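Presented below is the structure to which this report refers.
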Amino acid sequence: MEIHNVVFSYDKKTDQLKGVSGSVPKGKITTIIGPNGCGKSTLLGVMSGNHLPGGGQAVLDGKAIHHYKPKELARKLAVVHQQNGAPSDMTVERLVAYGRMPYRTMFGGDREEDERAVDWALSCTNLEAKRKLPIDRLSGGERQRVWVAMALAQKTPILFLDEPTTYLDIYYQLEMLEFIRELNRKHGLTIVMVLHDINQAIRYSDKIIVMKDGRIVAAGEPEDVITERAIREIYGVEAIVRREPEAGLHVILTGIRPLVRP
Amino acid sequence: MTRKGWSFVVVILLLLAAIVLSMAIGSIKVGFAELIRGLLTGTNEKVEVIRDLRLPRLIVALFVGASLAVSGVLLQAVMRNPLADAGVIGISSGAGLISLLFVTLFPTLFFWLPFFAFLGGVFACFLVYSLSWKSGLSPLRLVLVGIAVNATFTGLGQSFNYRGSYAVTSVNQATTSIFTLKTWTDVQTMLIYGTAGLVLAMLLSSWCNLLAMQDKTARNLGLHVHRARLLVSAVAVLLAAVATAIGGLIAFVGLLVPHIARSLVGSDHRTLIPFSALSGALLILTADTLGRTVLAPTEIPASIIMTVIGGPFLIFLLRRSAHMHGDS
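These protein sequence lines map, in sequence, to chains A and B.
Numbers 8 to 269, taken from our numbering, label the letters of the first sequence in order.
Numbers 2 to 329, taken from our numbering, label the letters of the second sequence in order.
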């Protein structure tokens with residue numbers, strides 16, 4: 008997927024994205040990081056067809072995202088949003104089956120194929136035992152996995168995740184990230200996600216895109232992008248970037264520059 | 002059998018019982034066997050009177066109830082708000098006002114009445130949407146704007162009615178709901194528009210399921226969100242408008258019925274819509290039958306009975322929704 012000079016604004020006054028250009032490599036994990044309000048989620052919104060760009064375009068397979076029909080796009084690209092809502096009596100199975108919506112036709116579509124996709128999505132996310140339960144009986148980690156399963160049932164080559172680890176404790180955070188990596192390695196899914204934790208981004212990404220103030224300020228492999236200087240410039244945070252035998256490249260945050268100088 | 006299955010069985014049985022009772026009770030009394038025989042043969046005079054007077058009224062009551070209930074379900078799905086109801090947010094009164102004007106100006110074009118009621122409903126719905134839309138629909142804002150729109154249309158309707166009450170009797174019918182003097186022409190109109198609306202609602206049920214989630218979720222599942230929202234709203238307005246044009250203003254059906262239905266059969270619109278239709282039909286038929294028998298020969302309009310039940314229920318709903326966070 009290519010992004011060409013995308014401009015976007017919610018209120019037509021201040022631009023959240025000020026001419027963003029970049030690319031997402033096929034079959035790789037790409038992570039977008041950056042400070043709050045830098046436009047990470049907005050960029051993901053434009054790339055997933057939820058926001059219509061005011062200028063420029065995101066292009067997938069030679070066609071601008073906003074020229075795709077919704078169903079056609081939903082067969083190429085699935086999104087797991089940060090906040091999700093569904094009626095509380097919704098069962099896991101039924102919600103995951105919504106992932107088959109893009110394949111529905113007037114005459115119903117291929118039921119067996121649908122069933123296989125749902126079963127696959129449930130087994131991938133380890134939710135087979137819970138398939139009959141209503142979602143409000145699940146733990147936070149499980150509920151997040153249900154939304155991932157719904158996206159997987161769409162059987163798309165591309166998966167977007169907007170802060171998939173928010174609201175999860177560290178165990179479930181790692182579980183989710185390992186799982187995302189497995190999807191990429193095993194099934195060849197192209198992954199684009201937004202993360203807050205720099206170390207997690209380094210560890211689980213092939214490519215990191217760094218944003219600040221509605222622009223991409225750096226992009227490339229984690230080793231090239233994440234430096235002490237970069238972190239200072241992007242976040243205003245002092246850090247030591249170290250290569251450790253067990254953890255690999257690792258960032259230790261040491262503090263912020265004092266607002267009041269002595 | 003599941004709770005869902007039982008709920009359907011019970012409602013259908015109650016509905017059948019209500020239909021039979023409603024046909025048999027009244028100033029003319031007939032036995033059940035006599036009624037059936039009379040309807041089949043057409044030789045019993047008493048049954049003929051029932052066929053001409055009571056049966057059209059019954060059918061209209063059934064369809065008005067079903068239409069209003071389903072209209073409520075659809076609006077609640079589209080606006081993601083349990084308080085959305087054609088009566089509460091002004092769609093019914095908009096439809097009522099326009100049909101009132103229309104009946105006064107062109108009393109002969111009766112068959113087109115629902116169409117003009119529909120235009121009125123669309124206008125009210127558009128007002129509510131556009132006035133409460135601020136990068137998304139805030140539930141509270143929507144209800145407040147809706148109440149204001151409702152008050153405006155109701156007020157206009159009443160002042161018009163007050164001024165014109167000496168002249169046209171049908172004017173009264175369009176604003177206060179009495180199912181008396183419903184003819185087979187009314188039944189025909191109600192059947193055509195009502196059936197169309199109910200069938201469309203069923204066809205749109207899986208869209209309603211998607212709309213109940215967030216816009217972005219629905220969109221990424223391949224739903225044309227704006228188109229879906231527009232179509233579902235249009236069907237909701239059509240149902241409410243027809244019901245208002247034929248049955249008059251009846252509040253709270255679209256609020257009460259879907260809420261109870263959801264707790265019985267769940268939130269899946271594929272079952273929620275037919276169940277609400279059945280329950281709505283049952284509710285209005287019961288209200289109408291009670292209304293014409295309790296104080297016979299005086300009649301209490303079904304709309305008044307519904308308001309008396311609906312008011313307290315709205316308070317109950319509001320108190321409960323204070324504990325809910327969105328819909329998850």
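From the three backbone atoms N, C-alpha and C, an ideal C-beta is built for every residue, glycine too.
Here the structure is a predicted model, which is why all the values come from computation and not from measurement.
For secondary structure counted as the beta strand (DSSP E) over 3 or more consecutive residues, the region 206-247 of chain A holds these complete runs in sequence order: 214-219, 222-227. Contact of residue 80 of chain B with chain A by beta-carbon distance below 8 Å is absent, the smallest such distance being about 14 Å. Distance between residue 112 of chain A and residue 212 of chain A, taken at the CA atoms: about 37 Å. Put simply, the region 17-30 of chain B touches the region 285-303 of chain B. At least three CB pairs are less than 8 Å apart.
Taking 8 Å as the threshold, the shortest C-beta distance from residue 215 of chain B to chain A falls below it. Inter-residue distance for residue 268 of chain B and residue 110 of chain A is about 23 Å (C-alpha atoms, whole angstroms). With the criterion set as a beta carbon lying under 8 Å from some beta carbon of chain B, the region 243-263 of chain A has no members that meet it. Close CB contacts of residue 157 of chain B within its chain, under the 7 Å cut and outside five residues either way in sequence, are with 98 (chain order). Judged by DSSP secondary structure, residue 11 of chain A falls outside any alpha helix (DSSP H) and instead within the beta strand (DSSP E) spanning 9-15.
Between residue 222 of chain B and chain A, the shortest Cβ-Cβ separation is below 8 Å. Per DSSP, residue 218 of chain B is one residue of the alpha helix (DSSP H) stretching across 216-221. By the C-beta density criterion, residue 24 of chain A is buried, having at least 16 other C-beta atoms within 10 angstroms. In this structure the region 58-77 of chain A does not lie against the region 219-237 of chain A, because fewer than three pairs of beta carbons, one per stretch, are closer than 8 Å. Under the three-state reduction of DSSP output, residue 257 of chain A falls in the strand class. One alpha carbon belongs to residue 84 of chain A, the other to residue 94 of chain A, and they sit about 24 Å apart. Put simply, of A/225, A/220, A/204 the residue whose alpha carbon is nearest the alpha carbon of residue 259 of chain A is A/204. Taking a cut-off of 8 Å for Cβ pairs, the region 49-64 of chain B and the region 87-95 of chain B do not touch, as fewer than three such pairs fall below it.
For residue 24 of chain A, the enclosing beta strand (DSSP E) begins and ends at 24-30. Taking the Cα of residue 94 of chain B as reference, the smallest distance to any Cα among B/145, B/112, B/150 is reached at B/150. Contact check between the region 183-190 of chain A and the region 115-130 of chain A: fewer than three CB pairs, one atom from each, fall below 8 Å, which does not count as touching.
Residue range 270-294 is occupied by the alpha helix (DSSP H) that includes residue 289 of chain B.
Unbroken beta strand (DSSP E) runs of no fewer than 3 residues, entirely contained in the region 41-123 of chain A, are found at 62-67, 84-87, following chain order.
Excluding its 5 nearest sequence neighbours in each direction, residue 208 of chain B has C-beta neighbours in its own chain below 7 Å: 224, 229, 233, listed in chain order. Inter-segment contact for the region 68-78 of chain B and the region 209-217 of chain B is present: three or more beta-carbon pairs are separated by less than 8 Å. Taking 8 Å as the upper bound on Cβ-Cβ separation, chain B lies near residues 52, 55, 56, 57 of the region 38-60 of chain A. Within the same chain, and ignoring the five residues on either side of residue 183 of chain A in sequence, the residues whose Cβ sits closer than 6 Å to its Cβ are 171, 172.
Residue 266 of chain B: member of the alpha helix (DSSP H) spanning 254-266, first to last residue. Residue burial annotation: residue 264 of chain B is exposed, with fewer than 16 other C-beta atoms found within 10 angstroms of its C-beta.
When C-beta distances to chain B are compared with 7 Å, the residues of the region 64-78 of chain A below that value are 77, 78, in chain order. Around residue 119 of chain B, the same chain offers 239, 242 as residues with beta carbons nearer than 6 Å, after the five sequence neighbours per side are excluded.
Residue-level contact check: residue 6 of chain B does not touch chain A, since none of the beta carbons of chain A fall below 8 Å from its beta carbon. Legend: CB atoms of the region 84-95 of chain A lying less than 7 Å from CB atoms of chain B belong to residues 85, 86, 88, 91, 92, 93, 94, 95. For the set B/146, B/117, B/215, B/115, the Cα lying nearest the Cα of residue 130 of chain B is the one of B/146. About 20 Å separates the beta carbon of residue 141 of chain A from that of residue 108 of chain A, a gap too long to meet the 8 Å contact definition. The beta carbon of residue 208 of chain A lies closer than 6 Å to those of 38, 40, 202, 215 in the same chain, with the five residues before and after it left out. In this structure, the CA atom of residue 38 of chain B is about 48 Å from the CA atom of residue 160 of chain B.
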